[in-house]
Each structure stands twice: as C-alpha cells, then as structure tokens.
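First up is the structure itself, then whatever we jot down about it.
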Amino acid sequence: MAETPDDLPEPDRLDGAPHPRETMALFGQDTAERELLASYASGRMHHAWILGGPPGIGKATLAYRLARFIFAHPDPAAPEVQSATSLHVPADHPAVRQVVRMAHPDLLVLRRGWVHERKAVSSDIRVADVRRVGPFFGSTAGQGGWRICIVDAAEDLNINGANAILKTLEEPPRHALFLIVSSSPRRLLPTIRSRCRLLMLSPLAPQAIVTAVSSMGDDAPDIDDQALHAVAGASEGSVRRAIELASGEGHELREMTSRLLDAWPNIDRAAVHTLGDKAARGGSEAYEAVMEQALDWVHARTVENAGARGDQWPELWSRASRMVRDADTFNLDRKPLILNFFFEISELR
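If you're matching positions, the sequence shown starts at 5 in the working numbering and goes up one per residue.
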C-alpha cells in the first residue's frame, strides 16, 4: 500500500542520511521504546499514538522500528515478544526488507507526495492520499496480522486531511494502529489528540547524537569527527540539526563564524560582509545558525566577565536575541543584522 519511492524526492529524508525506515538503530530513546514494547506485549495496545518532540530526535525512526517489530511478531503473546527487551528486528528479516522497500502490504505511509503534474513535492499531505485510510483499514491484512498507518508528519495535514482521518480514529477496526509523528502535538486538532495516546520523546544528549551519526556506517554523511563533536552540543538534541550544522553549507557557515569570533576584537569587515551574503542566501535557517553560534559566544563572554565590565555583554546578548526574533517576525533582511552584530562586538573591549 505504501508509495514506492524509487528515484523520486522524499521530503521526509534528510540529504546525505538514511531514511528513518532504513535506520535499524535508535539512540537515546530507551524510555519511549520500552513504553511501546510494554504496551504491545500487554495485549492492550492503544490503536493510535502521537510520537511527539522536536525534529530530528528519532520520532519517525521509532515509528518504523515499532512497525517492523509488529509485522515480524504479529502475536503480542508470543514468547519472543514477551521476552523482548527492545523493538529490534534483524535487518535480514523479510518484514524489515519489505518496510525498507516501502513494499509491505499492511503499511500505509501518509506524507507529502510527489505531484507529477507540477514536478514538485506537495506542500501538504493531499486529502486524496488521506482518503486511502478508510479502504486500507477496511480490508483484511495482507499477511493476517496488523495494519499500520504512519503519518509523517501531522503538521503536514491540512484541516480537510485531518478530518478525513477522524472517522477511522473514532472507530478503529481490530489490529489497526496509527503512529502519528508530530513536532508540535498541541497544534493538532483536539479531536485527534483526544483519540490518541501522546508519547513525548526527549532531545538527545550530545554523546547520543555523535553515536547515532557515527553508527550510520556507509550511509553516514561526510562529516569530520571534530565538526560533529563541535555541533553536537549546539544541535538542541537533534540528530537532523547536528547533520545540517556539521555538513555542507552549515559547516562552512560555522567555520566562517568561528574565525570571525576567534579574531575578536580584530574583526575583518570584508569577511563579515561575505558571511552576511552567504547567510542571507541560505535563508532563515542559515541566519539562525550563525546567530545561535554568536549568541553562545556572547553568553560565554558574559559569564567570563561577570561584574568586571558593566552591563555591555548582557545588553548585547539581549539585543542580539531580539534581532533573531525580529528577523522572523518582521521578515527582515538578514545581512544588515549580521553586519550590525559583528561591527558592534568589534567596538567592545
């Protein structure tokens, strides 16, 4: 039932990293994994779960991990389920191979899809795709067990799509399971939230992020170990964010920002202009990456010089924080904000 990805772009795949359905290991989410396993092994599995938490912490990976486990062990009373300590299933298991290929007949994945007419990814999960839910759960499971629908992510459902899911959520057939990935569960319709169990995942510790990226093996993005360790603590507990910060343009922006800050108070104005141009081209995420690094640097100066240099560092931190917020709120040109920040710190001693 799942749409075969073949060579089409996948909006839920991070460039340079394996897709969550291809990821066999899960790091830093042992508590959430144990809760799902215990619920399944009890024989009283709730029919719908919202897996919540910030982007890039393993929500979709956990959803596919649970789906693989249930497909591999459709009887929750089976000894291998009752004795299991995790949701791990060997990569060579037939159910795993089918899920990886998006070819399992009892798995439906709702996500933003490829619109052939426009040759682009849709801006939301299309209502036509959501309407597949009824017939999918209304038919007998192809392999005699569970039927599972993964929604990734719930924020991509428009109001019509969300309402189309409600009927099945209200009257789920036996052995039906919804796994709804959401970075902002509070934004979901109350009628959806009320019919689901909410399981919040925690941001990952820096070492868990390093381990998760390092474990990708041949699928790991081309990231220098030193760069990975440097961004792990600044990634807000997100593997996705760590990869973005440490690879490609994100890494280059961090390097450029670090060189400027390390040279303080002798700020190279030409280099600031170059950084501003590059960050402006990269959009809001690039600007925020530069300013978050700069804010961390100002905070360190604030702590280091507490009581020794008046209020200039705390005041700068407050102004810079406001600049970050205002840039989004008022859609301001990012380059002048970056120039203003670096030229201002060059005047501080």
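Built from N, CA and C at the ideal position, the CB exists for glycine as well. Source: prediction; values computed, not measured.
- Between the segment 100-110 and the segment 123-130 there are fewer than three C-beta pairs closer than 8 Å, too few to call the two in contact.
- In the three-state scheme derived from DSSP, where H, G and I count as helix and E and B as strand, W301 is classed as helix.
- For the options P15, E348, L341, the alpha carbon positioned closest to that of D156 is the one of P15.
- When the Cα atoms are used, D228 and P210 turn out to be separated by approximately 16 Å.
- In the three-state scheme derived from DSSP, where H, G and I count as helix and E and B as strand, A52 is classed as strand.
- Rounded to whole angstroms, the gap between the alpha carbons of M49 and A290 is 42 Å.
- Listed in chain order, the alpha helix (DSSP H) elements of length 4 or more contained wholly in the segment 225-278 are 229-236, 243-250, 252-266.
- Following the DSSP letters along the chain, one finds I152 inside the beta strand (DSSP E) bounded by residues 151-156.
- Counting only residues of its own chain and dropping the five nearest sequence neighbours on each side, L203 has a CB closer than 8 Å to the CB of A36, E39, L40, W53, I54, L55, G56.
- Taking a cut-off of 8 Å for Cβ pairs, the segment 213-223 and the segment 187-194 do not touch, as fewer than three such pairs fall below it.
- Counted as a single uninterrupted DSSP element, the alpha helix (DSSP H) harbouring L41 occupies residues 34-45.
- Taking the Cα of P94 as reference, the smallest distance to any Cα among S219, D272, M28, R122 is reached at M28.
- The alpha carbon of N164 has as its nearest neighbour, out of I152, R178, I196, S143, the alpha carbon of I196.
- With contacts defined by Cβ atoms closer than 7 Å, I152 and L205 do not form a contacting pair.
- Straight across, the Cα-Cα distance linking P318 with M327 is about 14 Å.
- According to DSSP, residue pairing for R201 in a beta bridge involves W53.
- L181 has its alpha-carbon roughly 12 Å from the corresponding atom of A145.
- Segment contact: the segment 269-289 against the segment 225-242, fewer than three CB-CB distances shorter than 8 Å; contact not assigned.
- Proximity to S325 across S87, E296, G237, P340 peaks at E296, based on C-alpha coordinates.
- Going by DSSP, I184 is part of the beta strand (DSSP E) stretching over 180-186.
- At a Cβ-Cβ threshold of 7 Å, L192 and I61 do not count as neighbours.
- No Cβ-Cβ contact shorter than 7 Å links V125 with R136.
- Comparing alpha carbon positions, the residue from W321, H179, Y44 closest to S87 is Y44.
- In the structure shown, the three-state DSSP call for V119 is strand.
- With a 10 Å radius around the Cβ and a threshold of 16 neighbouring Cβ atoms, L91 comes out buried.
- A direct Cα-to-Cα measurement between I154 and A267 gives close to 49 Å.
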